[in-house]
Every structure is written in C-alpha cells, then in structure tokens.
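*Asks:* Just so you know, we're using this note's numbering here: the sequence shown kicks off at 979 and counts up by one. Note that the Cβ used here is the ideal one computed from N, Cα and C, for glycine as well.
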Amino acid sequence: TYSLGSELQEIMDSPLAEKTNKLKKQLKKLDNVTLHIAVTGSTGAGKSSFINAIRGLKPDDVNAAPTGVTETTMTLTVYAHPTMPNVKLWDLPGTGSPKFKAKKYLKEVKLDTFDFFIIISSERFKENDVMLAKAIKEKKKLFYFLRSKIDNDIQAESQRKDFDEQKVLSHIREDCHRNLKDIDNPKPKIFLISSFELHKYDFQTLVDTLEKQLPAHKRDALILSLPIYSSKILDEKIELFMKQTWSAAVASGSIAVAPVPGLSMACDAAILLAFFTKCYYAFGLNDESIDKLSVRVNNPSLKSVRKSPLVIAIGQKKLSNKELSALTNREAAVKFAWSMVPVVGSKKTAEMSYSATLTLLRAGVQDLADTAKEVLKVAGLTDVY
Ligand SMILES: Nc1nc2c(ncn2[C@@H]2O[C@H](COP(=O)(O)OP(=O)(O)OP(=O)(O)O)[C@@H](O)[C@H]2O)c(=O)[nH]1
Ligand SMILES: [Mg+2]
C-alpha cells in the first residue's frame, strides 16, 4: 500500500467538484515545475562529472558535460536532464582564484534562480568555499557540501594493512567539518560522493536530505530525474508514480464521453499512454537507458528482460485496449473494479470510472515496476544499498 502524502490527502478530502480540478492541476504541476540545481566549487573538483552522473551519463556520451584533468568549464553552462527537461543542472564556473569574491560571483550567476547549491571539493574545503556558503546562507538559500572522488581516497587507503572503510569515511568527514567550522548554526551538511559509483557512500543520504528540504513538487521532479542506481531509488520512483495515479485517474477518467473502444469504461487512452510513458522513462525501461546499463554491468541481455506486453507496447508507442485489458487480468481486485463500471453517461459514471481507472493505472505502474525490478535483478544491482 502507498500513502498519499498530505498534499494529495487534502485534495482527496475536498468536495468532488473541486477535487477533479485540483487533481488535474496536481498532475500538470510536475510537468510545469522547473528545478534548478547549481553546482559549484574549485577547478577540477568534479563538478561536471557529478552533473553527468546524476543525469545518468558517462563522460564520453553525446550531450555529456566535458570533463578532464585540465580546466574545462570556464563559463556558466546549463544542462537539461535527458528525460526530465524540467530539471536543470547548472555547471558554474570554478571558484578557485585567490581574488574570488563570493557576493560578486553570486550576483553574476544570479543566485535567485537556483533552488539549491552544491559546493564540491575533492580535497579540503577552502576559504572560497566557506565564503560562498556564507553568502548563500545570507540569502536564505539551501546549500550542501559534497566531498567528491571518495573512490580515490578509499582506493589509496585500501593499501594499508589496517584498512577500515568506515574509519576512512569518518576521518574525511571530520576533516571536512574542521575546515567548515566557521559556518555553524546549523552545522553544514557534508556528503561524501563518488560520481563514478553513485550507489556507494552518501549519495542516497543526499537524496533523502533534499527530499526533506525541497517543496513537494520540486522533490518529485528531482526523484524522477535520478538515474536508477539502486533498488531504493527505484522504490521511491514506484511510490511516486503510485501516488500520481490518483491525479492521472481523474484526468483520464473524467472524460466520460470518450471511452476506449471495446472497453466498457470511460478513460482517455492518450492520457494513460502519456502517464505510462513517463513512468517507463523514469524506471529506465527505454532502449537508451537499458543500453547504458548493459554496458555498465557488462550484460548484453538486459533488453530481453522486458517481456511484458504493456512495456513493449509503450516502447512502440502503441498502447491499445488489448494491453489495457490484459492488465485487468493481473489480479482479482482489478477485475472487481472493472465489473463495477456503470454504463457511460450515467450520473455516477465519472466517480465510478475514476476508481476503475485508478485500479487500471496502478496495475500498469505495478507491471512496469516489476519489469524494472527484474532488470535490476538481472543486472545484479538489487542489494547495493
Ligand atoms: N576517481 C574519481 N575521479 C573523478 C570523480 N569526479 C571527477 N573525477 C575526475 O576529476 C577530473 C576533473 O573532473 P571534472 O568533472 O572535469 O571537474 P570540474 O570541477 O568540472 O573541473 P573544471 O570544469 O575544470 O572546473 C576528471 O579527470 C574526472 O574524471 C570521481 O568521483 N572519482
Ligand atoms: Mg567542469
């Protein structure tokens, strides 16, 4: 079972006339909201690499941010997410120069545009990082410190006889806190990250923290945009889509005059397809995502894991009532909801078909989720967190 979240619960408790409109707005909101993430820090800290990692890209992918051992990012560049164009990642110019002026810098990059700042360092945090954080804090914006390239530290330390990964990590953490002691109240949050291995170290904690601190719709946009690096993130996406089925059911089910041919219920197939397609991309079931994952885990057979007729139909952008009807066979509960759908046009239709559509949408999300889980399992990524 999935909880609704306070925002949705409030809508569900409102009168039917209002509910429909509010839910439609809710569904649109996620498409309309834009999340702006600023990534900053000194030259070579790993800013561009981090941006690529959270866009699910490798350094040599087309559209990846250029990275390298020499100074590569001199100007402010914005990168859209490959499947969530409303999530923008800003690769800010480095802050390395000794003449760095935090306030001037923030004015130049237009501080107000951003939802939060990520300040990256691959070594000790420096004076410039502290100045920047203080200036951001003064403007009441969120910022997080990322200590990058942790895989390097672990690799180097692992040569030692008494190597203990947890000890190395807490040592780095303490060191970072020491260098940032001028920023207190609250104590700055520091996350240890490897852009090459997002599933390790503090990346999930960073995501969890952002989830708590961002407004609901921005948080949802963030979650949907993250690459699937572990079963935890997949579970979060599943939950998010399950919550959204409420809004999608209303948006599609309330069009009681345009039933899908052959189905004795009113629902707009275009809205269903759009909803499932969004889900398909977010769960990483599209060819491009699967190909990338295949390369990463060195397993060319991941594509063949996608056997579900629904998944195949979405890939071919041809969702018909055949696949939709098949969904209704998934479980008895769905069949039950189906049988309750009254004749189109009766007074109760909108509300009744709403519940049937909801059940249908949930069965669809579950079908996509099962396929995505199977892909993760075959890729050997199920117990990495
Ligand atoms: N091992 C390891 N290397 C990393 C990581 N992140 C970045 N690097 C390497 O560090 C170097 C610099 O990375 P970039 O992402 O280009 O750094 P940047 O902050 O964008 O640099 P500028 O644009 O020049 O300011 C590259 O050679 C990356 O491959 C990481 O998490 N682990
Ligand atoms: Mg760069």
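1. Span of the alpha helix (DSSP H) holding G1019?
2. Please report the Cβ distance between S1172 and K1127, rounded to the nearest whole angstrom; I am assuming they are in contact, meaning their Cβ atoms lie under 8 angstroms.
3. Return the chain-ordered ranges of every beta strand (DSSP E) run that is complete within the segment 1062-1134 and spans a minimum of 3 residues.
4. Say yes only if the C-beta of D1038 is nearer than 7 angstroms to one or more non-hydrogen atoms of ligand 1, and no if none qualify.
5. Leaving aside the five residues before and after F1092 along the sequence, list all residues of the same chain whose C-beta is less than 6 angstroms from its C-beta, in chain order.
6. Using only the heavy atoms of ligand 1, determine whether one of them is closer than 7 angstroms to the beta carbon of A1023.
7. Which residue comes first and which comes last in the beta strand (DSSP E) that contains V1056?
8. For the segment 1155-1236, list the alpha helix (DSSP H) runs that are entirely contained and at least 4 residues long, ordered along the chain.
9. For V1047, does the count of other Cβ atoms within 10 angstroms reach 16, so buried, or fall short, so exposed?
10. Find the nearest neighbour of S1298 within the set L1263, N1276, V1273, I1249, judged by alpha-carbon distance.
11. Answer yes or no: the CB of T1349 versus the heavy atoms of ligand 2, is any distance below 7 angstroms?
12. Confirm, please, whether the CB-CB distance from F1078 to N1106 is below 8 angstroms.
13. Pull up the distance between the alpha-carbon of R1284 and that of L1271, whole angstroms please.
14. Are there any heavy atoms of ligand 2 lying less than 7 angstroms away from the beta-carbon of S1026, as far as the coordinates show?
15. So what's S1279 in DSSP terms, helix, strand or just coil?
16. Near V1353, what residues of its chain come up, given a Cβ to Cβ distance below 8 angstroms and the 5 sequence neighbours on each side ignored?
17. Are F1174 and T1183 close, meaning C-beta to C-beta below 8 angstroms?
18. Relative to the C-alpha of A1031, which candidate in Y1083, K1119, P1205 has its C-alpha closest?
19. When every heavy atom of ligand 2 is checked, does at least one fall within less than 7 angstroms of the C-beta of T1045?
20. Work out the CA separation of K1165 and I1290 for me, nearest whole Å.
21. Excluding five sequence neighbours on each side, which residues of the same chain lie with their C-beta closer than 7 angstroms to the C-beta of C1154?
22. Given this structure, state the Cα-to-Cα distance separating L1346 from E1101, to the nearest angstrom.
23. Confirm, please, whether the CB-CB distance from I1029 to D1090 is below 8 angstroms.
24. For G1072, is the beta carbon positioned less than 7 angstroms from some heavy atom of ligand 1?
25. If you drop the 5 nearest sequence neighbours on each side, which residues of the same chain put their C-beta closer than 6 angstroms to that of A1080?
26. Sorted by chain position, which residues of the same chain lie with C-beta nearer than 7 angstroms to I1132's C-beta, five sequence neighbours on each side aside?
27. Which term fits A1134, buried or exposed, when burial requires 16 or more other beta carbons within 10 angstroms of its beta carbon?
28. Suppose you measure from the CA of S992 to the CA of T1073; what does that come to, to the nearest Å?
*Replies:* Reading it off the structure:
1. Careful: G1019 lies outside any alpha helix (DSSP H), inside the beta strand (DSSP E) at 1013-1019.
2. 6 angstroms
3. 1065-1069, 1094-1099, 1120-1125
4. no
5. H1014, A1016
6. yes
7. 1055-1058
8. 1181-1191, 1194-1203, 1209-1231
9. exposed
10. I1249
11. no
12. yes
13. 14 angstroms
14. yes
15. coil
16. G1262, L1263, I1268, L1271, L1280, V1283, R1284
17. no
18. P1205
19. yes
20. 49 angstroms
21. F1103, F1123, R1125, I1168
22. 41 angstroms
23. no
24. yes
25. M1109, L1110, A1113
26. E1143, V1146
27. exposed
28. 50 angstroms
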